[in-house]
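Number of protein chains: 2
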Amino acid sequence: MTVRKLKMTVSYDGTDYSGFQRQPDKRTVQGMLEECLTRVTGESVTVTGAGRTDAGVHALGQVVHFETSVPIPTERWDRVMNAALPRDLQVQKVERVPPKFHARKSACWKRYRYTLDTGRIPDLFRRRFRTHYPRSLDPGQMKRAARHLVGTHDFTSLSAARASVENRVRTLYRCDILEEESNALHIEVVGNGFLYHMVRIIAGTLVDVGLKKIAPDDLPGILSAKDRSAAGRTFPPEGLVLVEVGYTPWEAEEKEFPS
Amino acid sequence: MTVRKLKMTVSYDGTDYSGFQRQPDKRTVQGMLEECLTRVTGESVTVTGAGRTDAGVHALGQVVHFETSVPIPTERWDRVMNAALPRDLQVQKVERVPPKFHARKSACWKRYRYTLDTGRIPDLFRRRFRTHYPRSLDPGQMKRAARHLVGTHDFTSLSAARASVENRVRTLYRCDILEEESNALHIEVVGNGFLYHMVRIIAGTLVDVGLKKIAPDDLPGILSAKDRSAAGRTFPPEGLVLVEVGYTPWEAEEKEFPS
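Right under this line is the structure:
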């Protein structure tokens, strides 16, 4: 019996989930995926995600891997799963990957987007995916500040104080501020890894810059302080989306498939 | 004590409402507005809408009127109401209108939009406001059929058989098919009045045209049959939005305000 390793790209509206990670008696993304996979395959399936998203955070392109010996053709997996999943959790794509692929460990970068609705009255149809912040923000100042964040830095000041990891050096490849006609401001970040609450604290800090409470050129000092209290506050989860997870191409390794 | 008549433009996500019209023990838009107005004013307030939307149907610009003697300045009404309303029901605008204004009777036209998501997997973030219909539709054929609907016709074939009105002659000013990059197809109609389920049956019929089950030039025959069974099926409520209600300008009558 061939065991296949599958990479599954999933989207979810995080509003009604207690985050990605499985927790007893809570509605979680991992729990829901495992429950459906177990129902579909008749096997006890464990899912590993590229990263845990917090309660209320959304995803367009979260990635998970799992193993199964059920011979469902790869191209039919998305349909099978989507028929079993609730409407707020979707499978976008399923690909077969070599045994050494790991959703978290093989990831090279992640792209997140944080969206603010700066309109006086929030856009009703997008309210679940935007943080309502009805203030006038200066995007030019925010863009200047964002440039200081790109590169390799110790992000201690911009991550939750209770984060337990030792090494807080991460690389941001991009940090862009995008304006949209309809009172929306997107903060898009791409990086090789993100610390706990890091994107939400970057959002809160750039908003303080947009309000002119913090000057763009204060950012290097905030980073070098290595002190959470030097930065802005943690913005709420509803505006945050995990857009994409990037991997090195493993198609070249396809010969490794055991059959 | 001056009684003021106010026109209020409201938006709602209809997903969790049993329609516009008040019903005992049900969550309805009218019921929610009246409950909030009564709480805010301390008066027993009745609200009259431009039209009733069915359970699950949304609105960007539904219009209601009501009377109150509470002297809240007109420009502050939206804030007062939005602070009291749930997140899926919003007040966009409040204007003072002359006593003879009536949300339904003074309306000249209404604009509705029906949106189909034709992607294989529905757009997760817009799923509450689109009907998922993963088929390939020919928009050119739909546009040709739509042209036959514009004008003054007896719309018996395109309204629910159980509709109780006598006169089923209505005028459609526009019936447009708009394509959007992301697998969305919008059917936009503007008319002087709409019969029960009329937009949802127009949507179902135009989809049959898009699938080439009905030819564009069959539309005149469908209309003249005056028989519900000649047309396509009633499409589900989630794709339907009441976008706007048009009135003749009454600003000229402002001198009529009793002060």
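Taken in order, these protein sequences are the chains called A and B.
Note that UniProt numbering has the first sequence beginning at 1, numbered continuously upward.
Note that UniProt numbering has the second sequence beginning at 1, numbered continuously upward.
A virtual CB, placed ideally from N, CA and C, is assigned to each residue, including glycine.
Arg128 of chain B: buried (16+ other C-beta within 10 angstroms of its C-beta) or exposed? As a working note, residue 128 of chain B is residue 128 in the second sequence. Arg128 of chain B is buried by the Cβ-count criterion.
Have a look at Val209 of chain B and Thr74 of chain B and give me their C-alpha separation to the nearest angstrom. Looking up residue 209 of chain B in the second sequence gives position 209. Looking up residue 74 of chain B in the second sequence gives position 74. Using only the alpha carbons, I get a separation of about 47 Å.
Rounded Cβ spacing between Arg104 of chain B and Gly31 of chain B (contact assumed at less than 8 Å): Position 104 of the second sequence, counted from the first residue, corresponds to residue 104 of chain B. Position 31 of the second sequence, counted from the first residue, corresponds to residue 31 of chain B. Between Gly31 of chain B and Arg104 of chain B the Cβ distance is about 18 Å, and since that is not below 8 Å, they are no contact.
So, under 8 Å CB-CB, Glu43 of chain B and Val70 of chain B are touching, yes? Tell me the CB distance rounded to an integer number of Å. To locate residue 43 of chain B, count along the second sequence from 1; it is residue 43. To locate residue 70 of chain B, count along the second sequence from 1; it is residue 70. The pair is a contact, with the Cβ atoms about 7 Å apart (cut-off 8 Å).
Using three-state DSSP, classify Ile72 of chain A as helix, strand or coil. The residue given as residue 72 of chain A occupies position 72 in the first sequence. In this structure, Ile72 of chain A counts as coil in the three-state DSSP scheme.
Thr171 of chain B lies in the beta strand (DSSP E); which residues open and close that run? Locating residue 171 of chain B in the second sequence gives position 171, where the first residue counts as 1. It spans 169–180 - the beta strand (DSSP E) in which Thr171 of chain B sits, taken as one unbroken run.
Sufficient close CB pairs (3 or more, under 8 Å) joining the region 196–206 of chain A to the region 224–236 of chain A: yes
Whole-number beta carbon distance between Val243 of chain A and Leu60 of chain A, since they are thought to touch under 8 Å: In the first sequence, the residue the question calls residue 60 of chain A occupies position 60. In the first sequence, the residue the question calls residue 243 of chain A occupies position 243. Between Val243 of chain A and Leu60 of chain A the Cβ distance is about 5 Å, and since that is below 8 Å, they are a contact.
C-alpha distance - Leu137 of chain B paired with Val241 of chain B, whole-angstrom precision: By one-based count along the second sequence, residue 137 of chain B stands at place 137. By one-based count along the second sequence, residue 241 of chain B stands at place 241. Whole-angstrom Cα-Cα distance: 21 Å.
Within the continuous beta strand (DSSP E) that includes Ser11 of chain B, where are the two ends? Working through the second sequence from its first residue, we reach residue 11 of chain B at position 11. 4–12 is the span of the beta strand (DSSP E), which, as asked, contains Ser11 of chain B.
Given Cys108 of chain B, which residues of its chain have a CB within under 8 Å of its CB, disregarding the five upstream and five downstream residues? Working through the second sequence from its first residue, we reach residue 108 of chain B at position 108. Result list for Cys108 of chain B: Asn192, Gly246, Tyr247, Thr248, in chain order.
Would you decide whether Ala146 of chain B is buried or exposed? Buried here means 16 or more other CB atoms lie within 10 Å of its CB. As a working mapping, residue 146 of chain B is identified with position 146 in the second sequence. Flag for Ala146 of chain B reads buried.
Mind listing the chain B neighbours of Arg39 of chain A? Cutoff is C-beta to C-beta under 9 Å, in chain order. The count along the first sequence starts at 1 and reaches residue 39 of chain A at position 39. Under the 9 Å cutoff, chain B gives no residues; its nearest Cβ is about 20 Å from Arg39 of chain A.
Could you check whether Glu179 of chain A and Pro139 of chain A sit closer than 7 Å to each other, using their CB atoms as the reference points? The count along the first sequence starts at 1 and reaches residue 139 of chain A at position 139. The count along the first sequence starts at 1 and reaches residue 179 of chain A at position 179. Yes, they are a contact pair.
Counting contacts by CB-CB distance shorter than 7 Å, is Ile72 of chain B in contact with chain A? Walking along the second sequence from the start, residue 72 of chain B turns up at place 72. No, Ile72 of chain B lies away from the interface with chain A (no Cβ there is under 7 Å from its Cβ).
By the three-class DSSP mapping on this structure, what secondary structure does Gly119 of chain B have? Residue numbering aside, residue 119 of chain B sits at position 119 when the second sequence is read from its first letter. Note: Gly119 of chain B maps to coil in three-state DSSP.
Identify, in the order they occur along the chain, each residue of the same chain with its Cβ nearer than 8 Å to the Cβ of Arg170 of chain B, setting aside the five sequence neighbours on each side. By one-based count along the second sequence, residue 170 of chain B stands at place 170. Within the same chain, Arg170 of chain B has close Cβ partners Thr152, His153, Phe155, Gly191, Asn192, Gly193, Phe194, Leu195, Met198.
Spatial distance of Val3 of chain B from Gly119 of chain A (CA atoms): Against the second sequence, residue 3 of chain B aligns to sequence position 3. Against the first sequence, residue 119 of chain A aligns to sequence position 119. Cα to Cα, the separation comes out at about 32 Å.
Is the CB of Gln30 of chain B under 7 Å away from at least one CB in chain A? Here residue 30 of chain B refers to the residue found at position 30 when the second sequence is read from its first residue. So, not an interface residue.
Neighbouring residues, chain B, relative to residue 263 of chain A (Cβ below 7 Å): Here chain A covers residues 1 to 259 and nothing more, so residue 263 of chain A does not appear.
Could you tell me whether the Cβ of Val243 of chain B comes closer than 7 Å to any Cβ of chain A? Counting from one through the second sequence, the residue named residue 243 of chain B turns up at place 243. No, no contact with chain A.
Residue range of the unbroken alpha helix (DSSP H) whose run includes Gln21 of chain B: Within the second sequence, the letter at position 21 stands for residue 21 of chain B. First-last for Gln21 of chain B: undefined, no H or E at that position.
Cα separation between Val189 of chain B and Arg168 of chain B? One-based indexing of the second sequence puts residue 189 of chain B at position 189. One-based indexing of the second sequence puts residue 168 of chain B at position 168. Rounded to the nearest angstrom, the two C-alpha atoms are 17 Å apart.
Alpha-carbon to alpha-carbon, Tyr17 of chain B and Tyr133 of chain A: The residue you call residue 133 of chain A lines up with position 133 of the first sequence. The residue you call residue 17 of chain B lines up with position 17 of the second sequence. Answer to the nearest angstrom: the Cα atoms are 26 Å apart.
Would you please verify whether the beta carbon of Ser229 of chain A is less than 7 Å from any beta carbon of chain B? Translated into the one-based positions of the first sequence, residue 229 of chain A becomes position 229. With 7 Å as the cut-off, Ser229 of chain A does not count as an interface residue toward chain B.
Looking at the structure shown, is Pro258 of chain A part of a helix, part of a strand, or coil, going by DSSP? One-based indexing of the first sequence puts residue 258 of chain A at position 258. The predicted position of Pro258 of chain A is uncertain, since its pLDDT is 46 and thus under 50; a value taken from the coordinates is nonetheless stated next. It is coil, neither helix nor strand.
Go through the region 28–54 of chain A residue by residue and report every complete run of the alpha helix (DSSP H) that reaches 4 residues or more, in order. 29–41
Quick one: which chain B residues come within Cβ less than 7 Å of Ser11 of chain A? Numbered from its first residue, the first sequence carries residue 11 of chain A at position 11. Within chain B, the residues near Ser11 of chain A are Leu124.
From what residue to what residue does the alpha helix (DSSP H) around Ile222 of chain A run? To locate residue 222 of chain A, count along the first sequence from 1; it is residue 222. Its alpha helix (DSSP H) spans residues 219–225.
Per DSSP, what kind of secondary structure is Ala231 of chain A in: helix, strand or coil? The residue labelled residue 231 of chain A in the question sits at position 231 within the first sequence. Coil at Ala231 of chain A, not helix or strand.
Can you give the Cα-Cα distance for Pro220 of chain B and Lys143 of chain B, rounded to whole angstroms? In the second sequence, residue 220 of chain B corresponds to position 220, counting from 1. In the second sequence, residue 143 of chain B corresponds to position 143, counting from 1. For Pro220 of chain B and Lys143 of chain B, the distance between alpha carbons rounds to 14 Å.
If you check the beta carbons only, do Ala84 of chain B and Val40 of chain B fall under 7 Å apart? Here residue 84 of chain B is taken as the residue at index 84 of the second sequence, counted from 1. Here residue 40 of chain B is taken as the residue at index 40 of the second sequence, counted from 1. Yes, Cβ-Cβ distance for Ala84 of chain B and Val40 of chain B is below 7 Å.
Asp78 of chain B burial status per 10 Å Cβ neighbour count (16 or more: buried): As a working note, residue 78 of chain B is residue 78 in the second sequence. Classification of Asp78 of chain B: buried, given that the 10 Å Cβ count is 16 or more.
If you follow the beta strand (DSSP E) that Ile187 of chain B is in, where does it begin and where does it stop? As a first step, residue 187 of chain B must be located in the second sequence, where it is residue number 187. Its beta strand (DSSP E) spans residues 184–191.
Using a cut-off of 7 Å between C-beta atoms, extract the partners of Arg87 of chain A located in chain B. Translated into positions along the first sequence, residue 87 of chain A becomes position 87. By Cβ distance, chain B contributes Arg127.
Pick helix, strand or coil for Val94 of chain B, following the three-state DSSP scheme. Position 94 of the second sequence, counting from 1, holds the residue named residue 94 of chain B. Val94 of chain B: strand per DSSP, three-state reduction.
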